[in-house]
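Residue numbers (the numbering used here): 4 to 417.
All C-beta atoms, glycine included, are put in the ideal place defined by N, C-alpha and C.
In this text the structure is predicted, and so the values were computed from the model without any measurement.
Just below is one structure, and these are the notes that go with it.
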Ligand SMILES: Cc1ncc(COP(=O)(O)O)c(C=O)c1O
Ligand SMILES: Nc1c(O)cccc1C(=O)C[C@H](N)C(=O)O
């Protein structure tokens, strides 16, 4: 029944043709695109071209000949289109963690006199760690206050330098209201720094329209650029033309210099977003980001969001039909609009169930303390994936197959 319904839904799916752009092992149902997206054929081909032809034959001339030197900016602008940022405000470089360091320092510089960052206690750890690192570096010029998600808005006061918020919670999938958070922050004179790791490529994001000050995000999840592909950083235009322009962030690397090839001993930051570049970009994986973005060229983020919501509704109805929702309750919001593109379920044996699923070709992941997490990537996941994965989950849970010893021992990466 569920399989028939799924096939019908796949037939009328306007994004169905997109799946053919990706390389997905035929015996795998991949529901972990919220951790590492799958490889597109375009990425595979571009990486081969960059290594064989560009690097292999054209060698160092490729910095000019193949536009390597401008890739952080050209790719940044392409990402900008997906997150509601006009050109010139996004650059693709470094990791989320490093980019956070840059924008945390920028925020403190802009907010002279204010020292407090407010964040959520359940934020992705690297976001909290980076603030703790700045705190260690700057002493009483920086402090971190963490609060429950429900208390975030009320905790933003005239003392707050910036709110540091991840739009979609990596454990629960809860999506916070950026419009309300930004309105309160700006009302109190605080800045807003957003982590879009679980938003970019999964749903519409409107940074310029919301008036967000800074944002960071990665490209290896829903943007499918590959393991360790460079992240991005958004800096609102008004800060790029502020008094601090050219020296907004403290990692004064040579490629953020106004004239890198003048090799001056004195740092003068480049104008605009280029000042957020530090050292030499990883051209092979940056090219992979560029190629990965091709899959988003002719599709709207609204259409992607629509399918994401429908995939999750179908997943929940299939789990309900199998009686699974009482055995492993959903810890994600039941209301789709306040959820990202993932569903998490609590079960004491979530880790072992996840391993048993992987052994049966359904790739999900486990997140401490006891969550089984499924990510939905509308460009390549199908309704048939959903029906088949829930059937396998049901078989594992009711048969007790997950209790096998082989599924108990924890790997380094979960
Ligand atoms: C919300 C969030 N922020 C940051 C990261 C990681 O950042 P980085 O690019 O520094 O590894 C992740 C996942 O790895 C994440 O889920
Ligand atoms: N970045 C990752 C990695 O290098 C290895 C394993 C997982 C990741 C992840 O992205 C985890 C992810 N941020 C999460 O939401 O759990």
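Supposed close pair residue 210, residue 184 - CB separation, criterion 8 angstroms = Contact between residue 210 and residue 184 is absent: CB atoms are separated by about 13 angstroms, not below the 8 angstroms threshold.
Rounded straight-line distance, which links the Cα of residue 120 to that of residue 149 | One C-alpha to the other measures close to 8 angstroms.
Residue range of the unbroken beta strand (DSSP E) whose run includes residue 347 | 345 to 349 is the span of the beta strand (DSSP E), which, as asked, contains residue 347.
Taking the CB atoms as reference points, tell me whether residue 102 and residue 208 lie closer together than 7 angstroms.
-> Taking 7 angstroms as the Cβ cut-off, residue 102 and residue 208 do not qualify as a contacting pair.
Alpha carbon of residue 321 to alpha carbon of residue 328, nearest angstrom = When rounded, the distance between both Cα atoms is 10 angstroms.
How would you write the range of the alpha helix (DSSP H) that residue 185 sits in, first residue to last?
-> Here the alpha helix (DSSP H) through residue 185 covers 181 to 190.
Sequence-distant residues of the same chain with beta carbon closer than 8 angstroms to residue 272, five excluded per side | Taking residue 272 as the centre and dropping the five residues before and after it, the same chain places the C-beta of 248, 249, 250, 251, 255, 259, 260, 261, 278 closer than 8 angstroms to its C-beta, in chain order.
For ligand 4, is there a heavy atom less than 6 angstroms away from the beta-carbon of residue 380?
-> Ligand 4 is absent from the structure shown, which contains only ligand 1 and ligand 2.
Return the Cβ separation of residue 95 and residue 113 in integer angstroms, given the expectation that the two are a contact with Cβ distance under 8 angstroms.
-> In this structure residue 95 does not touch residue 113 by the C-beta definition: roughly 23 angstroms separates them, more than the 8 angstroms allowed.
Looking only at C-alpha atoms, which of 31, 228, 242 sits nearest to residue 108?
-> For residue 108, the nearest C-alpha among the options comes from 242.
Heavy atom of ligand 2 within 6 angstroms of residue 292 beta-carbon = False, no ligand heavy atom lies under 6 angstroms from that Cβ.
Alpha helix (DSSP H) containing residue 237: first to last residue?
-> Segment 235 to 238 is the beta strand (DSSP E) holding residue 237; no alpha helix (DSSP H) there.
Same chain, Cβ closer than 6 angstroms to residue 196, five either side skipped, listed in chain order = Excluding sequence neighbours, residue 196 sits near 106, 165, 167, 217.
Distance, residue 79 Cα to residue 390 Cα | Residue 390 and residue 79 have their C-alpha atoms some 37 angstroms from each other.
Could you have a look at residue 379 and say whether DSSP puts it in helix, strand or coil?
-> Reduced to three states, the DSSP call for residue 379 is coil.
Regarding residue 348 and ligand 2, is the C-beta to nearest heavy atom distance less than 6 angstroms?
-> Every heavy atom of ligand 2 is 6 angstroms or more from the Cβ of residue 348, so no.
Proximity of residue 236 and residue 92 at Cβ, strictly below 7 angstroms | At least 7 angstroms separates the beta-carbon of residue 236 from that of residue 92.
Please report the residue range of the beta strand (DSSP E) in which residue 194 lies.
-> Here the beta strand (DSSP E) through residue 194 covers 194 to 198.
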